[in-house]
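**Q**
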Amino acid sequence: MAAKQRLIKGRQLVRTEKMAAIGRLLEFPDSVIDAISPGHSARKAVQRQRASASISPSRLLSTSTSASTSNIRLPTAESVVGAADGPAAVSLQLSTSGAGSYHADSSGFGGLTFGYDLGVIGDALLALRPQFRLTCPEQELIVSALPLGAFAGSLLVSPLMDRYGRRRILRANCALLIGASAALTAAPSLWLLLAGRLLLGVGVAVCATGECLYASEVAAPKRRGALVSANELGITLGLLLAYASGYLLLPNWRLLFALPGLLALLQLACLQPLPPSPRYLLAMGRRPQAEAVLKRLRRGQIDADIVGELLGIERAVRLESGRRVADLIRSDAYGGYRRRFLIGCCLVLLQQLSGQSCLLYYAPTVLMSVGFRTSKEQTLAAIGVGAVKVLSCIVSLALVDRVGRRRILIAGSAVMAAALAVFSIITAVAEQSFKRSSGSNYTIGICLESTIDLNSNSSSAHSNDTLSSGSVFDNLSDTTPGGFVALATLLVFVAAYSASFGPVVWLVLSEIFPASLRARAVGACSSLNWLAGLATSVSFLSLLQGIGAPGTFGLYCGVCCLAVAFSAALVPETSGKSLERIGREFERSRSGGRSGGGGGISGIARLRRWLSATAAAGGSGDGTADGRAGDGRQQLLLVPVVED
């Protein structure tokens, strides 16, 4: 009798948990869940599950197929994918200790290595130039070797990750970074320096792509933004570390190149205890391992939630397994793939064409332009720029999951445009002032060669081109208020970029692509990113020479204005949503709402409606453009309604 009573209670508990799980999968409110399962809300179910014996996912699946055990069946894979993913159903909460902290540490160390490798070359060139007697073309070759290697690496990393897994490639990349660091540290000639920089570029590309991809596949929707953005925080910390190391270690450039090897060792240590990506395991047909990984990552959750998540991921991977990379651009027949790819490509292009990479690669030249003449002053000012980037990225970490990706992109782009507009005006005023005072035109040297006394931290720069009439920046540096205002606007620009486009673009890229194509799609966008960054950095000094500083920064300001419009019209809001739900919203947007009756609206149409509504509100005080309120389904559209 006692055994029978325990069996009855166990069946009642299983039935209650399944009822609550179904309600959460369908996003029922708590009142409805309590009604269909009286006295068993989600919180009580979790507490009862922890107190009672654990019920494995396999037992739940088996009991759901038996009518004698329960009259309620767990939802099938089709129904899970068809229904909206509620927060509880797709909650991927990581433990505050253990695996979760290692995820953040790994992303942080990968970004730290990335940022240090980007920023160290500026200070290292101060010592490399006299020792190797480098000409200006040779210096440019050393600087450009890293983005060239990164472009090649971005083409290789995606197919390798799809074949061998995210975690395994990240570990191999640490060994590559250690080898590149050793080659640079012991380099006796220019050619070995170039080889080391090329290898370093390949490793940097893997860090940029792999870290964000892995974190997005193991993190929870509520924590995915923070974990992926931890990579950007690591990048800014790496830049700050590079500037500070240059100030402390120069003229010993070999020590500067040895530090990336130590950072790679730390990253390798953080990667050791990490599990493989559950989505990758399901794509490879290893369902038991994927189930075990999910149970490890989702400590403290009831097994019914894990089952629902596993079914949803499995169904999504199965639907997308037959897709090819060509589907990204061939047509929109499969879930709006071409739309996703175009959004990703435009985001990385806007990110690089905003001019931020020019500040990164030509920081000494830009800082010299606002009045920092000695190498000590330039390095200290660069440390200040790095500190601003770190603080801004911390702010982004706190806001990215609360405010939302799309709003941060819009606000950040607007601030970047305003800062560049002010800087362009300042340089234009300084140019006119210089022309009036000297009665001659100015030129800007394309290739600067410096005679640097590293012991005295001073430098004197001269150009291969004619600078007999002076430079607009000479007059700007003589005007102390204008120089400080120019520096302040540059810091505002750096802060806005580091809080918005820096982390959020890569976060959105890791979220909008389907599981079977995510690695290759992000890799393709990363390749385009490196190409755009290379083109921007190479053309920066030529633009200064051709159209002047006002025209150059005005051009970048125009790009930022385009970024505001693009983010408002076409970028989806992905905050707090599972990757599967994001994919279904793209499908709903592609179909134009024909299947749901609510009507998916494209980004351009939504922007047109918003502009019409704004004009109507300005004329009549009515905030509607067409007099129709729309149904509730339109609140689930790809691009949310812009609210005043």
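According to numbering that gives the first Met the number 0, the sequence shown is numbered sequentially starting from 0.
Note that the Cβ used here is the ideal one computed from N, Cα and C, for glycine as well.
To the nearest angstrom, how far is the alpha carbon of residue 483 from that of residue 294?
**A** In this structure, the CA atom of residue 483 is about 55 Å from the CA atom of residue 294.
**Q** Pull up the distance between the alpha-carbon of residue 584 and that of residue 510, whole angstroms please.
**A** 12 Å
**Q** So residue 498 and residue 394 are supposed to be a Cβ contact under 8 Å. How far apart are they, rounded?
**A** 5 Å
**Q** Roughly how many angstroms separate the alpha carbons of residue 144 and residue 350, rounded to a whole number?
**A** 21 Å
**Q** Which residue marks the beginning of the alpha helix (DSSP H) containing residue 272, and which one marks its end?
**A** Unbroken run through residue 272: none, as it is neither H nor E.
**Q** Check for me: the alpha helix (DSSP H) holding residue 251 runs from which residue to which?
**A** Premise fails: residue 251 is in no alpha helix (DSSP H) and is neither H nor E.
**Q** Compare the beta carbon distance of residue 179 and residue 198 with 8 Å and say whether it is the shorter of the two.
**A** yes
**Q** Determine the DSSP secondary structure at residue 513, reduced to helix, strand or coil.
**A** coil
**Q** Considering residue 178, what are the terminal residues of the alpha helix (DSSP H) in which it resides?
**A** 165 to 184
**Q** Would you call the region 245 to 264 and the region 136 to 151 touching, i.e. three or more CB-CB distances under 8 Å?
**A** no
**Q** Our contact map puts residue 201 next to residue 148 with C-beta atoms below 8 Å; I'd like the distance itself, whole angstroms only.
**A** 5 Å
**Q** Can you name, in chain order, every residue of its own chain whose Cβ lies under 7 Å from the Cβ of residue 79, other than the five neighbours on each side?
**A** Low local confidence applies: a pLDDT of 31 at residue 79 is under 50, so the model's placement there is unreliable, with the coordinate-based value given in what follows. 24, 307, 310, 311, 314.
**Q** Examine the Cβ distances between the region 391 to 406 and the region 485 to 502 and report whether three or more of them are shorter than 8 Å.
**A** yes
**Q** So residue 290 is in the alpha helix (DSSP H); what residue range does that whole segment cover?
**A** 286 to 296
**Q** Closest to residue 263 by C-alpha separation, out of 169, 196, 274, would be which residue?
**A** 169
**Q** Below 6 Å CB to CB, which residues in the same chain sit around residue 562 once its five sequence neighbours on both sides are set aside?
**A** 349, 412
**Q** Measuring alpha carbon to alpha carbon, tell me which of 213, 490, 194 ends up nearest residue 165.
**A** 213
**Q** So residue 204 packs on residue 529, CB below 8 Å; how close in whole Å?
**A** 7 Å
**Q** Please name the residue in 249, 236, 574 whose C-alpha comes closest to that of residue 113.
**A** 236
**Q** Taking residue 543 as the reference, give the member of 282, 283, 354 with the closest Cα.
**A** 354
**Q** Would you mind giving the Cβ-Cβ distance between residue 532 and residue 154, rounded to the nearest angstrom? I have them listed as a contact below 8 Å.
**A** That belief does not hold up - the Cβ atoms of residue 532 and residue 154 are roughly 15 Å apart, past 8 Å.
**Q** Take residue 556 and list the residues in its own chain whose beta-carbon comes closer than 7 Å to its own, dropping the five residues that flank it on each side.
**A** 416, 419, 420, 423
**Q** Ignore the nearest five residues each way along the sequence and tell me which others in residue 240's own chain have a CB closer than 6 Å to its CB.
**A** When the five nearest sequence neighbours on each side are left out, the beta carbons in the same chain lying within less than 6 Å of the beta carbon of residue 240 are those of 115, in order along the chain.
**Q** Would you call residue 397 buried or exposed, if buried means 16 or more other Cβ atoms sit within 10 Å of its Cβ?
**A** Counting Cβ neighbours within 10 Å, residue 397 comes out exposed, since fewer than 16 surround it.
**Q** Please check the pair residue 189 and residue 131, which I expect to be a contact at CB under 8 Å, by giving their CB distance rounded to whole angstroms.
**A** 6 Å
**Q** Would you mind working out which of 540, 268, 252, 337 sits nearest residue 128, comparing C-alpha positions?
**A** 252
**Q** Quick check on residue 174: buried or exposed, where buried means 16 or more other Cβ atoms within 10 Å of its Cβ?
**A** Counting of Cβ neighbours within 10 angstroms places residue 174 among the exposed residues, the total staying below 16.
**Q** Nearest CA to the CA of residue 248: which residue from 122, 551, 503?
**A** 122
**Q** Would you check if the distance between the CB atom of residue 344 and the CB atom of residue 516 is smaller than 8 Å?
**A** no
**Q** Alpha carbon to alpha carbon, how far is residue 290 from residue 56? Give it in angstroms, no decimals.
**A** Reliability fails at residue 56, whose pLDDT of 39 lies under 50, so the model's placement of it is uncertain and the value that follows must be treated cautiously. When rounded, the distance between both Cα atoms is 8 Å.
**Q** Is residue 134 buried or exposed, if buried means 16 or more other CB atoms sit within 10 Å of its CB?
**A** exposed
**Q** Identify, in the order they occur along the chain, each residue of the same chain with its Cβ nearer than 7 Å to the Cβ of residue 409, setting aside the five sequence neighbours on each side.
**A** 563, 566, 567
**Q** Using only alpha-carbon positions, find the residue among 273, 243, 275, 277 that is nearest to residue 379.
**A** Per the Cα distances, 243.
**Q** Hey, residue 238 and residue 385 are a contact pair by Cβ (cut 8 Å); roughly how many whole angstroms apart?
**A** 5 Å
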